[in-house]
Each structure stands twice: as structure tokens, then as C-alpha cells.
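> Chains as they are written, first to last, in my numbering: chain A, 1 to 50; chain B, 1001 to 1297.
Glycine included, every Cβ here is placed at the ideal spot set by N, Cα and C.
The structure's right below; bear with me while I get my questions together.
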Amino acid sequence: MKTDKRTIRRTPLILTAFFLLLLLTGINLGEPTRVLEQAKSICLACIGIG
Amino acid sequence: METIRTWSQAIWLLLINGFWGFPVTGNLYQGPLKIICSPGLNCYSCPAATTYCPIGSLQQLLLGIRFSLQTGNYYIGTFVVGSIGILGATVGRFICGWACPFGLYQELLHRIPSKKYSIPRLLNGLKYLFLLFFVIVLPLVLVDDFGLGKPWFCKYVCPAGTLEAGIPMVLLQPDLRSTLGWLYVNKIALLLMFSIWSVLASRPFCRTTCPLGAFYGLFNRVSLVKLRLDREACTSCGACHRVCPVEIRINETPGSSECINCLRCMSEACQFDAISLEIAGFPLKSRSIVTKANVRS
Chain A
1 MKTDKRTIRR TPLILTAFFL LLLLTGINLG EPTRVLEQAK SICLACIGIG
Chain B
1001 METIRTWSQA IWLLLINGFW GFPVTGNLYQ GPLKIICSPG LNCYSCPAAT TYCPIGSLQQ
1061 LLLGIRFSLQ TGNYYIGTFV VGSIGILGAT VGRFICGWAC PFGLYQELLH RIPSKKYSIP
1121 RLLNGLKYLF LLFFVIVLPL VLVDDFGLGK PWFCKYVCPA GTLEAGIPMV LLQPDLRSTL
1181 GWLYVNKIAL LLMFSIWSVL ASRPFCRTTC PLGAFYGLFN RVSLVKLRLD REACTSCGAC
1241 HRVCPVEIRI NETPGSSECI NCLRCMSEAC QFDAISLEIA GFPLKSRSIV TKANVRS
């Protein structure tokens, strides 16, 4: 009987863990508050005015 | 499968732009949901936007990095890069094919009957330059007397911002109309250019300009969910080439950073079960997915 030798790919899991760490670092530094402040206001440059 | 994909794109469009009270408030959504990253390119100045645009936010953080560091805050973009990095590492450019509102806009335009043209492969590399220079280097390096940079991509290029925010906000807030100038004209011209190009060619903005697509594309070979090619089953018949909306040859370049994972090659073209989806190395047989898709649609 054949056995399935497929193994789990680790690269995406390592990358996900790395970016999760970045995300948590950002949260720890309070970056979401700054992002929220920006996202709540109209970016005049983005819409071609400022 | 295409019907399911269009529905997915429409649902994501509504999820990302879920604030329909803007005609009453006359302003954009300002609630707490805007802490959530939009997976696709969607301007946060769109009056209906309920999420933040990662490309816009990253530029805003980088252009003000000197000011933040001087005030003791380390807002260097780790939250934003972490958010899109997780998306890229898990699903790669599936987002482009299944969840991006501006991708849907281009696909709908491409359905307009006309002569269709291909896009030279050389232009595919431009989006990496936009990501590197317009999103990262220029906002970071070119600063004014106060040490503040500009959101170069948003300000001078992004047609999604013009479509989703520029036009609606000018209609919504008459006061803004008196401030319109050449910048607005330039952005309208770019939007028109990409719209006409979308009629004539498939997804030109995604393939040549989108910095978010460029970022997600870096993960296409290694993402958790990705397309898998069985070389033994592949007969190199070329059927997958003919249906690919971004003109790649998956049997020659599996895991191409250009692939938007629309799954048309798997569901519409390959008769030999050579293309399938895999999750972390474990394949999901394409035929069973196709059968399910056909039953649903």
C-alpha cells in the first residue's frame, strides 16, 4: 500500500507568523490609532485636490 | 466558477464599502471599523468605505515618519505591513481575483464588446517600481520644510481613489469644487485612460500599476493557498493559456506573480486535472471543486 509522503509547507506558516509579529508590534506601538485618525479624515491629496 | 467569483467580488465590494448613510451625513464613514485593513485596493476617502486602504495608510505613515519619531512615536508602518503581509502569506493574489473592487470595475469594463489587445509583458514590471518608489521611497525621502512628504501614489496616480473618493466627494461636498485644479484633471484623465484601457485589455491597472497587487504577487509561489500544477498530468495542450485573463502560461510558470488566481484555467480549461488548489502542500482535487461549482451555478 502506498503511503502519502506529502508534508506540510512551512514557508507560508513562517511568513504568516513573521507578519503577525509585525502586526502585533504595530499594535503595541499604538499605530492603529494613527491609522484610524487618518482613515477617518478626507485625504485631499488622495482625491486629487490637496 | 466565474459566476461565483463575480458574486465574491460584489460581496467584498459591499463589505469594504458598507456605509450607505453618506448621502444623509454628507461625509465619509468615521467609525471604528476603519481600523480594519481593506484586502483590495479601496480608497479610505470613499464616503462608503468602512476599512482603511493599506497603500494609502502606508504612504501616510511614511511621509510623516520624521514627525512621529521626533514626537516619540514609532509609527513606521509595521501594523499596515503586518496586515497585508498576513493576507499575502495566506492567500496571495487570490485577493486580486476575488476581493478587489477596482479589479471588479476593470473586469466589468472588459465585458464591453470591442477588439481586445494584449499587454506587453515588459509593462508588468512597472508595478514593482510604483510600489518601491511611489509608495515607499518618494514619500519617505522627498520632504518639505516641515519634514513632511507626499502620498505620491495616491496623489498623482491612483485611479481607484478618483473613482471611489474624488468624484463622489466632490459631488457630496460642493465646497470642494472651488479647490479643483490641474491635479484633479490629471487624476480624472488617468482614470479615463485606465477605464478605456480596461475595455480594450484585461485588467491593465492590476498588471502594470497596482502596488498592492505587486506586493501580493511576491507571495504567489509560497502562499498558504495556491494553485498547484501536476506536471505528469499536464499535456501542454495550451488550453489554460487561452482562458487566462492575465496572459500567463501556468504550465510554464506555475506560481507566477502575475496570476490573480481566478481559477479559470482549473475550472474552464484543463481537461486533465493537472491544475488544482493546494493548502499548505495538500492538494484539493480540482475536479471535485469544479463539480461543486457547476452544481451551484
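1. Secondary structure at E1304 (chain B), three-state DSSP: helix, strand or coil?
2. Say the cut is 7 Å; is the CB of C1210 (chain B) nearer than that to a heavy atom of the ligand GDP?
3. Can you tell me the Cα-Cα spacing of G48 (chain A) and M1169 (chain B), whole angstroms?
4. So, under 8 Å CB-CB, L1229 (chain B) and I1260 (chain B) are touching, yes? Tell me the CB distance rounded to an integer number of Å.
5. Enumerate in chain order the residues of its own chain whose CB-to-CB distance from A1233 (chain B) is below 8 Å, with the five nearest sequence positions on each side excluded.
6. If the cut-off is 8 Å on Cβ atoms, which residues from the stretch 1154-1166 of chain B count as contacting chain A, listed in chain order?
7. Taking the CB atoms as reference points, tell me whether V1091 (chain B) and L1058 (chain B) lie closer together than 8 Å.
8. In its own chain, which residues sit with a C-beta less than 8 Å from the C-beta of K1155 (chain B), not counting the 5 before and 5 after it?
9. In the DSSP assignment, what residue or residues form a beta bridge with K1226 (chain B)?
10. Name the DSSP bridge partner or partners of L1058 (chain B)?
11. Please check the pair G1149 (chain B) and L1140 (chain B), which I expect to be a contact at CB under 8 Å, by giving their CB distance rounded to whole angstroms.
12. Would G1125 (chain B) be called buried (16 or more neighbouring beta carbons within 10 Å of its own) or exposed?
13. Identify whether C46 (chain A) lies in helix, strand or coil by the three-state DSSP scheme.
14. Tell me which residues of the stretch 1111-1133 of chain B have at least one Cβ-Cβ distance to chain A shorter than 7 Å, keeping chain order.
15. Mind pulling the chain A residues with CB within less than 9 Å of Y1105 (chain B)?
16. Is the beta carbon of L1131 (chain B) less than 8 Å from the beta carbon of F1215 (chain B)?
17. Determine the DSSP secondary structure at P1039 (chain B), reduced to helix, strand or coil.
18. According to the neighbour-count rule (16 or more other Cβ atoms, all chains shown, within 10 Å of its Cβ), is C1206 (chain B) buried or exposed?
19. Between P32 (chain A) and the rest of its own chain, which residues show a CB-CB distance below 8 Å, the 5 nearest in sequence each way excluded?
20. Tell me where the alpha helix (DSSP H) around W1007 (chain B) begins and ends.
21. Would you mind reading off the limits of the alpha helix (DSSP H) that contains G26 (chain A)?
22. My guess is that L1087 (chain B) and Y1075 (chain B) are in contact by the Cβ rule of under 8 Å, so how many angstroms apart are they, rounded?
23. Among B:S1114, B:N1027, B:F1094, B:Y1128, whose alpha-carbon lies nearest the alpha-carbon of K1226 (chain B)?
24. Distance check for L1190 (chain B) and V1199 (chain B), CA to CA, integer angstroms please.
25. Indicate the three-state DSSP secondary structure (helix, strand or coil) for P1139 (chain B) in the structure shown.
26. To test your reading of the DSSP string, which unbroken alpha helix (DSSP H) runs of 4 or more residues are found completely within the stretch 1182-1264 of chain B?
27. Can you list, in chain order, the residues of the stretch 1215-1226 of chain B whose Cβ is nearer than 8 Å to any Cβ on chain A?
28. Give me the Cβ distance between P1159 (chain B) and S1202 (chain B), rounded to the nearest whole Å; I'm assuming they're in contact under 8 Å.
29. Is it the case that the stretch 1016-1034 of chain B contacts the stretch 1045-1054 of chain B, given that we only count it when at least three CB pairs across the two stretches are under 8 Å?
30. Distance, Cα to Cα, T1162 (chain B) vs K1187 (chain B)?
31. Excluding sequence positions up to five away, which residues of its chain have a Cβ less than 8 Å from the Cβ of L1224 (chain B)?
32. Given a cut-off of 8 Å, decide if C1037 (chain B) and S1068 (chain B) are closer than it, judged by their beta-carbon atoms.
33. Considering only C-alpha positions, which residue in the set B:P1101, B:D1145, B:P1204, B:W1152 is nearest to Y1117 (chain B)?
34. Report buried or exposed for P12 (chain A), applying the criterion of at least 16 other Cβ atoms within 10 angstroms of its Cβ.
35. Which residues in the same chain as W1007 (chain B) place their Cβ atom closer than 7 Å to its Cβ, once the five residues preceding and following it in sequence are excluded?
36. For T1209 (chain B), return the contacting residues in chain A, with the cut-off set at a CB-CB distance below 9 Å.
Quick look at the numbers:
1. It is not possible to answer for residue 1304 (chain B), since the shown part of chain B is limited to 1001 through 1297.
2. This structure lacks the ligand GDP, and indeed carries no ligand of any kind.
3. 11 Å
4. Not a contact, Cβ separation roughly 16 Å.
5. F1272, D1273, A1274
6. C1154, K1155, C1158, G1161, T1162, A1165, G1166
7. Contact flag unset, no.
8. L1183
9. Note: K1226 (chain B) sits in a beta bridge opposite B:E1278.
10. None, per the DSSP bridge assignment.
11. Between L1140 (chain B) and G1149 (chain B) the Cβ distance is about 6 Å, and since that is below 8 Å, they are a contact.
12. exposed
13. coil
14. Here the close residues number zero.
15. The contacting residues do not exist; Y1105 (chain B) stays about 17 Å from chain A at best.
16. yes
17. In the three-state scheme derived from DSSP, where H, G and I count as helix and E and B as strand, P1039 (chain B) is classed as coil.
18. With 16 or more Cβ atoms within 10 Å of its Cβ, C1206 (chain B) is classed as buried.
19. G26
20. 1002-1016
21. Per DSSP, G26 (chain A) belongs to the alpha helix (DSSP H) from 11-28.
22. No, L1087 (chain B) and Y1075 (chain B) are not in contact; Cβ-Cβ is about 20 Å, not under 8 Å.
23. Selected option, being the one with the closest Cα: B:F1094.
24. 14 Å
25. helix
26. 1182-1200, 1204-1208, 1211-1217, 1239-1243
27. Taking 8 Å as the Cβ-Cβ cut-off, the stretch 1215-1226 of chain B approaches chain A at F1219, V1222, S1223, L1224, given in chain order.
28. At roughly 16 Å, the Cβ-Cβ gap does not stay under 8 Å, so P1159 (chain B) and S1202 (chain B) are not in contact.
29. yes
30. 6 Å
31. A1089, T1090, V1091, I1279, A1280
32. Cβ distance not < 8 Å, so S1068 (chain B) and C1037 (chain B) don't count as in contact.
33. B:P1204
34. With 16 or more other Cβ atoms within 10 Å, it is buried.
35. none
36. Neighbours of T1209 (chain B) on chain A: none; closest Cβ ~16 Å, over 9 Å.
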